[in-house]
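Asker:
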Amino acid sequence: LQDDYACIYCIVDLHALTTLQGTEAVSHIQQNVVEMLLDWLAAGLDPKESILFVQSQVPEVTELQTLLSMATPLSWLMRVPTFKEKVKMQPENVNYGLLGYPVLMTADIVLYKAEVVPVGEDQVPHLELAREIVRRFNGLYGDTFPEPQPKLTHAPLVLGLDGAQKMSKQLDNHIELAATPEETTQRIMTAYTDPARKRKTDPGHPEICNIYRLHQSFRPAKAEEVDPQCRSAEIGCVECKRLLAQEINEALAPLRERRLEFSSRPQYVREVLAEGAHLAGAIARETMEEVRDKMGLVPRKT
Ligand code: SF4
């Protein structure tokens, strides 16, 4: 993506506060920010080509969230399925920020006038809401923001190791990029497969098995081999998972090596985030001048 687009990658620490609270937030957020940046750098995001920054370090985003919220009907937010899910998941903490989550997400996107947003399939409805908010704002105050378009990858929905829900740290069904090869293998060995396959001699159905889908993502040629072997019960699930763990560990080995190297350079990590906030902040301030002007607010520099 960074070769084809002017990319902006944001670590959304404010969004994290809709779930984390009090001492849990204080003890986790700063470290999690660093961990996420290390993952990105290890995966090849290059701060010379892309802007990498922390959401709260460009405070204009919260101003824009407030202004966009005035153009967002409450009913649009209350019907968002993830809001309803979160209410069920954390009934003791149904906060105002949780309801406004999609507005903050919209602000994250449009503050930089992003035209394309790389998302998973499950995020497409959220982006549609962002587009609705943009249309409404543009209708009320004149053309200001482009309507962001979703960009899906070749693996638009990666299911977690439970085989039922999307892969997510929060759901603890994920493969950690920073984990050791042993930890990765251990986790993969616990993954759900074809539920109809009770014994090794039962023929399997790769089309409903998440391990098979992961083979397809990591090494399509291996998936082609596994398909007939699974259907004819030539291969068992334990062996199949071991093969997948090996593929994933091989694919992640160079990334893990780079991650280790970046983690030994805390000063560089701080510099990347400072430079990212500086570059993102310049774009954000320009957008906010235009937004304030269009909404008839008193200019900041009077
Ligand atoms: Fe899934 Fe592999 Fe088991 Fe077939 S052999 S059900 S593809 S894990």
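Using our numbering, read the sequence shown as starting at 30 and increasing by one per residue.
For each residue, glycine too, the CB sits at the ideal point set by N, CA and C.
Values in this document were obtained by computation on a predicted structure and should not be read as measured data.
Is the beta carbon of G51 within less than 7 Å of some heavy atom of the ligand SF4?
Answerer: As a position in the sequence shown, residue 51 is number 22, starting the count at 1. No.
Asker: Quick one, are the C-beta atoms of Y221 and D256 less than 8 Å apart?
Answerer: Position 192 of the sequence shown, counting from 1, holds the residue named residue 221. Position 227 of the sequence shown, counting from 1, holds the residue named residue 256. No, Cβ-Cβ distance for Y221 and D256 is not below 8 Å.
Asker: For the pair the segment 95-112 and the segment 66-79, tell me if three or more CB-CB distances fall below 8 Å.
Answerer: The segment 95-112 vs the segment 66-79: no contact.
Asker: Among the residues of its own chain, which have a CB less than 7 Å from the CB of T173, if the five just before and after it don't count?
Answerer: Within the sequence shown, the letter at position 144 stands for residue 173. F166, N167, E319, V320 and K323.
Asker: Would DSSP call L272 helix, strand or coil?
Answerer: Here residue 272 corresponds to residue number 243 of the sequence shown, with the count starting at 1. In this structure, L272 counts as helix in the three-state DSSP scheme.
Asker: When you compare the CB positions of V139 and V163, do they come within less than 8 Å of one another, or not?
Answerer: In the sequence shown, the residue the question calls residue 139 occupies position 110. In the sequence shown, the residue the question calls residue 163 occupies position 134. Going by C-beta atoms, V139 is nearer than 8 Å to V163.
Asker: Which one of P76, D231, L281 and H155 has the shortest CA to CA distance from T209?
Answerer: Here residue 209 refers to the residue found at position 180 of the sequence shown. It is L281.
Asker: May I have the straight-line CA-CA distance separating K270 from I217, to the nearest angstrom?
Answerer: Position 241 of the sequence shown, counting from 1, holds the residue named residue 270. Position 188 of the sequence shown, counting from 1, holds the residue named residue 217. Taking the straight line joining both Cα atoms gives about 6 Å.
Asker: So, are the CB atoms of A136 and L97 less than 8 Å apart?
Answerer: Mapped onto the sequence shown, residue 136 falls at position 107. Mapped onto the sequence shown, residue 97 falls at position 68. Taking 8 Å as the Cβ cut-off, A136 and L97 qualify as a contacting pair.
Asker: Cβ of R321 within 7 Å of any heavy atom in the ligand SF4?
Answerer: Within the sequence shown, the letter at position 292 stands for residue 321. Outside the cutoff, so no.
Asker: Any chance the CB of C39 is under 7 Å from a heavy atom of the ligand SF4?
Answerer: For the purposes of this step, residue 39 is taken as residue 10 along the sequence shown, with counting starting at 1. No; taking the cut-off as 7 Å, the Cβ of C39 has no heavy atom of the ligand SF4 nearer than that.
Asker: From what residue to what residue does the alpha helix (DSSP H) around Y141 run?
Answerer: The residue labelled residue 141 in the question sits at position 112 within the sequence shown. That residue, Y141, is in no alpha helix (DSSP H); it is neither H nor E in DSSP.
Asker: Just the Cα atoms here: how many angstroms apart are C246 and A184?
Answerer: Position 217 of the sequence shown, counted from the start, is the residue given in the question as residue 246. Position 155 of the sequence shown, counted from the start, is the residue given in the question as residue 184. In the sequence under discussion, the amino acid at residue 246 is Ser, which differs from the Cys named in the question. So the two alpha carbons sit approximately 7 Å from each other.
Asker: I'd like to confirm something about V62: is its beta-carbon nearer than 7 Å to some heavy atom of the ligand SF4, or not?
Answerer: To locate residue 62, count along the sequence shown from 1; it is residue 33. No, the Cβ of V62 stays beyond 7 Å of every heavy atom of the ligand SF4.
Asker: Can you tell me where the alpha helix (DSSP H) with I80 in it begins and where it stops?
Answerer: Taking the first residue of the sequence shown as 1, we reach residue 80 at position 51. Note, I80: premise wrong, no alpha helix (DSSP H); beta strand (DSSP E) at I80 to V83.
Asker: Mind checking A309: buried by the 16 CB within 10 Å criterion, or exposed?
Answerer: Locating residue 309 in the sequence shown gives position 280, counting from the first residue. Buried is the call here.
Asker: If we count Cβ pairs, one from each stretch, closer than 8 Å, do we get three or more for the segment 41-57 versus the segment 122-129?
Answerer: With a cut-off of 8 Å, the segment 122-129 and the segment 41-57 count as touching, because enough Cβ pairs lie within range.
Asker: Might you give, ordered along the chain, the residues of its own chain that have their beta carbon closer than 6 Å to the beta carbon of A313, omitting 5 neighbours on each side?
Answerer: Numbered from 1 along the sequence shown, position 284 holds the residue referred to as residue 313. V87, E89 and L140, listed in sequence order.
Asker: Can you pull the DSSP bridge partners for I37?
Answerer: The residue you call residue 37 lines up with position 8 of the sequence shown. I37 is bridged to I80.
Asker: At which residue ranges does the segment 113-139 contain complete alpha helix (DSSP H) runs of 4 or more residues, listed in the order of the chain?
Answerer: For the segment 113-139, whole alpha helix (DSSP H) runs of length 4 or above, ordered along the chain, are 125-128 and 130-139.
Asker: For P175 versus A159, is the C-beta distance shorter than 8 Å?
Answerer: In the sequence shown, residue 175 corresponds to position 146, counting from 1. In the sequence shown, residue 159 corresponds to position 130, counting from 1. Taking 8 Å as the Cβ cut-off, P175 and A159 do not qualify as a contacting pair.
Asker: Residue ranges of each alpha helix (DSSP H) run of no fewer than 4 residues wholly in the segment 206-237, ordered along the chain?
Answerer: List check, alpha helix (DSSP H) in window: 210-218.
Asker: State the start and end residues of the unbroken beta strand (DSSP E) segment that holds K180.
Answerer: Here residue 180 refers to the residue found at position 151 of the sequence shown. Segment Q178 to K180, the beta strand (DSSP E) holding K180.
Asker: For P76, which residues of its own chain have a beta-carbon under 6 Å away from its beta-carbon, when the five flanking residues on both sides are left out?
Answerer: Locating residue 76 in the sequence shown gives position 47, where the first residue counts as 1. V301, listed in sequence order.
Asker: What are the complete beta strand (DSSP E) segments, minimum 3 residues, inside the segment 52-108?
Answerer: Runs of the beta strand (DSSP E) inside the segment 52-108: 80-83.
Asker: With DSSP run on the structure shown, which of helix, strand or coil describes K195?
Answerer: In the sequence shown, counting from the first residue as 1, residue 195 sits at position 166. In this structure, K195 counts as strand in the three-state DSSP scheme.
Asker: Got a sec, what are the start and stop residues for the alpha helix (DSSP H) S246 sits in?
Answerer: As a working note, residue 246 is residue 217 in the sequence shown. Unbroken alpha helix (DSSP H) run through S246: N239 to F247.
Asker: In whole angstroms, what separates the C-alpha of V146 from that of A35?
Answerer: For the purposes of this step, residue 146 is taken as residue 117 along the sequence shown, with counting starting at 1. For the purposes of this step, residue 35 is taken as residue 6 along the sequence shown, with counting starting at 1. Taking the straight line from one Cα to the other gives about 12 Å.
Asker: Cβ of P295 versus every heavy atom of the ligand SF4: is any distance shorter than 7 Å?
Answerer: The count along the sequence shown starts at 1 and reaches residue 295 at position 266. No, the ligand SF4 has no heavy atom inside 7 Å of this Cβ.
Asker: With H, G and I counted as helix, E and B as strand and the rest as coil, what does DSSP make of L188?
Answerer: To locate residue 188, count along the sequence shown from 1; it is residue 159. In the structure shown, L188 sits in a strand (DSSP, three-state: E or B).
Asker: In the structure shown, what three-state DSSP assignment does P154 receive?
Answerer: The sequence position of residue 154 within the sequence shown is 125, counting from 1. The answer is helix: DSSP assigns P154 an H, G or I state.
Asker: Report the option in V148, S261 and H155 whose CA atom is closest to the CA atom of T182.
Answerer: Within the sequence shown, numbered from 1, the residue matching residue 182 stands at position 153. Ranking V148, S261 and H155 by Cα distance to T182 puts V148 first.
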